[in-house]
Amino acid sequence: MGASGSGPFAPAVRVTSRCATHDRNPIKDHHKRMKTHRFKVTHDFSGMRIDQYIALQGIELSKRKIKEVIDAGGVYINKKRARIASRPVNPGDVIEMQYSLENLKRIKQREHEINMADVLYDDHHVIAVNKPPGLPTQATRDQSLVHLEAAVKKHLAGKGIRNPTVFLVHRLDKETSGVVLLATTSAAVTFLTDQFRARTVTKEYLAICAGIPPEKKFTVDCFLSAIDKKTGSVRVVRSGGKPSRTRFEVLESNKAIGVSLVRCFPETGRSHQIRVHLAHKGFPIIGDKRYHPVKTPLPGALESLASVHHFLHARRLSFIPPEGEKEVTIEARLPQNFLEFLEKGSFRMDVGQA
């Protein structure tokens, strides 16, 4: 695959495909008993999560239902749709909320239609998708259909494939964005997972981390525990864990705000690996609520962006497809929040080509 575009963030392979209902709001499909609320945020609620703010406004919905409305696109901040419940509100923000009580029951069953990410590559055996931050890779404990795997199945069904089968080749954490590979046959998933096990798949991530690493290039090589069932965290351990290794390269640092943009090359694929490695070195990822509980002081606009999701993006992935001999490189553009942080953080890199 050849490169298209230029600049450090330009996608090398990009075949864009979106669900036909991407911009459709399922809550507004039917207007029976449509409810509309409008609020203006005062200074008393500055920095509060939008779902918490709405819950305090005396409407009839539970916190869970409020989150469902937000997730499905029924809430707007200053006339721009807000889909992330943890997004903070600011004084003067105008919050608009629209929903139908009848249709709230159907939101979970339909939301996968409106969360289809960009399809970067599709050769009938392998699909590469640019997963947005905040979308689980697969079904969670609540059995919601709001996840990437369901979105890809919907995409395939829309192409006329009956009862499509999808296999996840690897996973990304919910808040991590970027390239995810899926296969449509058991033979293809075996072919690809063998490459991951042999470590012939090349992966590159971008992270915005707290602090200024003293070395431009460094490596973290350590043992990691399994995910703790109680805390959901991974720890660096001296023994009893699995070996892990990531190479890092600092692309640029902003000493004024104490933040760096880092390129990450994981050589193993442990859970939370990059997040734990950077935190272990003293440079946790900005916005990482699990491994960076003590927030780095940031200017107001950057603090607001950092509260939405952590800044880790699976930028590039190279592999050999099942029916090919040459390596294919897939590159995923950065999410808007990530780009805005770089721009407002005065990073000199050319982010305009993302």
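Residues 0 to 353 in numbering that gives the first Met the number 0 are what the sequence shown lists, from first letter to last.
Every residue gets a Cβ at the ideal spot worked out from N, C-alpha and C, and that includes glycine.
Contact belief for residue i with residue j at Cβ below 8 Å, rounded distance in angstroms
i    : j    : result
S252 : S259 : 4 Å
Y98  : K34  : 6 Å
I319 : Q194 : 7 Å
R289 : G231 : 7 Å
R237 : S224 : The pair is not a contact, with the Cβ atoms about 10 Å apart (cut-off 8 Å).
Which listed residue (the options) has its alpha carbon closest to that of residue i
i    : options                : result
A71  : F44, I83, T175, H123   : I83
F337 : F318, A313, P321       : A313
E248 : P132, K215, L155       : K215
A255 : I49, T230, T295, C221  : T295
L341 : V235, I94, L304        : L304
L96  : R262, K173, I49        : Looking at the sequence itself, residue 96 is Met, so the reference to Leu does not match. The option with the nearest alpha carbon to M96 is I49.
A331 : T175, A278, C208       : T175
H309 : I76, G133, A81, S61    : G133
N77  : I65, R37, Q51          : R37
V200 : K229, R161, G299, K325 : K325
L311 : P321, R161, P283, E302 : P283
D172 : A156, R234, K62, D287  : D287
E302 : F264, G257, R196       : G257
For residue i, the residue or residues it bridges with in DSSP
i    : result
S259 : C208, S252
L167 : L181
Q51  : Beta-bridge pairing links Q51 to no other residue.
I94  : F38, I76
A313 : G177, Y204
Y120 : A127
S99  : M33
T328 : S317
T245 : V219, P265
V236 : F222
Own chain residues within Cβ distance below 6 Å of residue i, not counting five before or after
i    : result
I329 : V12, L119, Y120, A127, V178, L316
D220 : R244
V93  : K39, N77
I53  : I65
P163 : K152, L155, A156
Residues near residue i by beta carbon distance below 8 Å, same chain, minus five either side
i    : result
H123 : T183
R198 : E266, T267
H30  : The predicted position of H30 is uncertain, since its pLDDT is 43 and thus under 50; no value can be drawn from it.
Q142 : With a pLDDT of only 42 at Q142, under the threshold of 50, the placement of this residue in the model should not be trusted, and no figure is reported.
E148 : T136, Q137, A138, V165, L167, L181
Residues near residue i in its chain [Cβ-Cβ closer than 7 Å; skip 5 each side]
i    : result
P242 : F222, T267
R347 : E251
K27  : At K27 the pLDDT is 44, less than 50, meaning the model places this residue with poor confidence; the figure from the coordinates comes in the next sentence. Answer for K27: Q97, listed in chain order.
E339 : L304
A300 : K343
Beta carbon proximity, residue i to chain B, threshold 7 Å
i    : result
S270 : The structure shown contains no chain B; it is built from a single protein chain.
Stretch-stretch touch, CB-based, cutoff 8 Å, three pairs: the region 149–168 with the region 188–197: yes
Any 3 or more C-beta pairs closer than 8 Å across the region 41–50 and the region 79–97: yes
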